[in-house]
Amino acid sequence: MDGVREVIERAKRREAKIITSVLTTTEVLESRLPAGMKNLIEGLMRRVIRVGMDIKIAKMAHDLRDYYMQRSAEFGGRTLGVPDAIHLATGILNRVTEFHTFDGGGTGKSLGLLPLSGNVGGHRLIVCKPQAKSPQLDLRKPRRDKTTPSDPSGS
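Sequential numbering from 1 applies to the sequence shown in our numbering.
Below, the structure written as structure tokens:
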């Protein structure tokens, strides 16, 4: 998560712009977030430019889906789902330099996004995980698990 934190910090310093589709509002469910992520996501969304869906994005998303549908045999029968196509089209049309995601492997019939990096439906786009250039070192004292008795010998 250091990469996500660093992107947020870069956005705070106005060194980066974060752009996403309004679809993200529907996709991010608090009940599915790991502990501690709610505040991080809320902080992130305050610094995000949310792009509405229009006919250009819809057409580009259609074209991306069609591109991968025509080549589904090359991708093990997997294709690009509608939400992913909308997000990718939003990024491509807004000329983002990087598209950040953790979607590395397709599930079911859906393609993973990370393997598409470099060529997304014939468009040059870097698809990567948000990476920290300066990872944070956690120096907090480890918490003891209260359900496990400690070893009296000290080992």
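Ideal placement from N, C-alpha and C gives every residue a C-beta, glycine not left out.
Its Cα nearest to that of K129, the residue H100 stands out among G112, I18 and H100.
Between L114 and G104, the C-beta spacing is below 9 Å. Taking a contact as a CB-CB distance under 8 Å, the pair M53 and V96 does not count as one, their CB atoms being some 16 Å apart. Taken through DSSP and simplified to helix, strand or coil, V82 comes out as helix. If you draw a straight line from the Cα of L125 to the Cα of L93, it is about 11 Å long. Ranked by Cα distance from G77, the options T20, P83 and Y67 are led by Y67. The Cβ atoms of I86 and R47 do not sit closer than 9 Å to each other. Restricting attention to G91, F102 and Q70, the CA atom closest to the CA of A58 is found in G91. Contiguous alpha helix (DSSP H) elements confined to the segment 43 to 70 occur at 55 to 70, taking only those with 4 or more residues.
Taking the Cβ atoms as the reference, L88 lies roughly 6 Å from L64, within the contact range of under 8 Å. From the listed residues D84, G43 and L111, the smallest Cα separation to S72 is found for L111. Residue range L23 to E27 is occupied by the alpha helix (DSSP H) that includes E27. Checking the DSSP bridge columns, you'll see H123 partnered with V120. Here DSSP, grouped into helix, strand and coil, assigns F99 to strand.
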